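In the working numbering, the protein residues as written are 1391 to 1552.
Each residue gets a CB set at the ideal place from its N, CA and C atoms; glycine is no exception.
Predicted, not measured: the structure shown is a model, and the values here were computed from it.
Report on the structure given below.
Written as structure tokens, this is what we have:
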């Protein structure tokens, strides 16, 4: 009886432990060009190329920022265009972040962490841009000028985690 209980508990631990480390990297689709990865990735996310706000490159890691209309309001997604063996893929390591709800209430700012396919870690800063936005303060204590999408009135910025 004790042996049976032990194996059941061991099985549960193995199943839950393995699922904690599953990143979805094994299900990635690879393309010959970065454009192919962006085009197909956007289609799979349910967005158009017009929803793409911008592109940021840090230490050879390329990230795409996009806006997505969700039932609760507006959300922002950040994806890494991973490159390996001359092929490209759309890789999202974090969920989309809602920055505006249906009642037009905006979150003033938010920051969160993302990983690149190359295992580098970054902090992402997002928020609604006010007309007088002159900079944002990062968790490292730096004051920086984020990229502002004037059409959407959204700012975004990334920095590596050291």
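Own chain partners of residue i with C-beta closer than 7 Å, once the 5 adjacent residues on each side are dropped
i, result
"residue 1529", "1501, 1513"
"residue 1454", "1428, 1442, 1445, 1469, 1471"
Range covered by the beta strand (DSSP E) that runs through residue i
i, result
"residue 1545", "1544-1550"
"residue 1535", "Where residue 1535 is concerned, there is no enclosing beta strand (DSSP E), given that its DSSP letter is neither H nor E."
"residue 1444", "1442-1448"
"residue 1491", "1487-1491"
"residue 1529", "Here residue 1529 belongs to no beta strand (DSSP E), and DSSP marks it neither H nor E."
"residue 1457", "1451-1460"
"residue 1513", "1511-1518"
Between the CA atoms of residue j and residue i - distance to the nearest angstrom
i, j, result
"residue 1433", "residue 1457", "13 Å"
"residue 1419", "residue 1426", "10 Å"
"residue 1486", "residue 1503", "12 Å"
"residue 1421", "residue 1435", "16 Å"
"residue 1463", "residue 1493", "8 Å"
"residue 1475", "residue 1423", "12 Å"
"residue 1413", "residue 1483", "Reliability of the predicted coordinates at residue 1413 is poor, the pLDDT of 45 falling under 50, and no value is obtained from them."
"residue 1450", "residue 1548", "13 Å"
"residue 1447", "residue 1461", "31 Å"
"residue 1516", "residue 1417", "28 Å"
"residue 1431", "residue 1550", "24 Å"
"residue 1556", "residue 1466", "This structure cannot settle anything about residue 1556, because the visible part of the chain is limited to 1391 through 1552."
"residue 1527", "residue 1452", "23 Å"
Sequence-distant residues of its chain with Cβ nearer than 6 Å to residue i (five each side left out)
i, result
"residue 1472", "1479, 1481, 1507"
"residue 1411", "Note that residue 1411 scores 35 on pLDDT, short of 50, meaning its location in the model is unreliable and no value can be drawn from it."
Burial state of residue i (16 or more Cβ within 10 Å)
i, result
"residue 1490", "buried"
"residue 1536", "buried"
"residue 1397", "Any reading at residue 1397 must be qualified, since the residue scores a pLDDT of 36, below 50, and its modelled position is unreliable; the value itself is stated next. So residue 1397 counts as exposed."
"residue 1531", "exposed"
Range covered by the alpha helix (DSSP H) that runs through residue i
i, result
"residue 1432", "1424-1435"
Cutoff 8 Å; reference residue i; Cβ partners in own chain excluding five residues on either side
i, result
"residue 1525", "1533, 1534, 1535, 1536"
Any C-beta of chain C under 8 Å from that of residue i
i, result
"residue 1435", "Absent from the structure: chain C. Only one protein chain is present."
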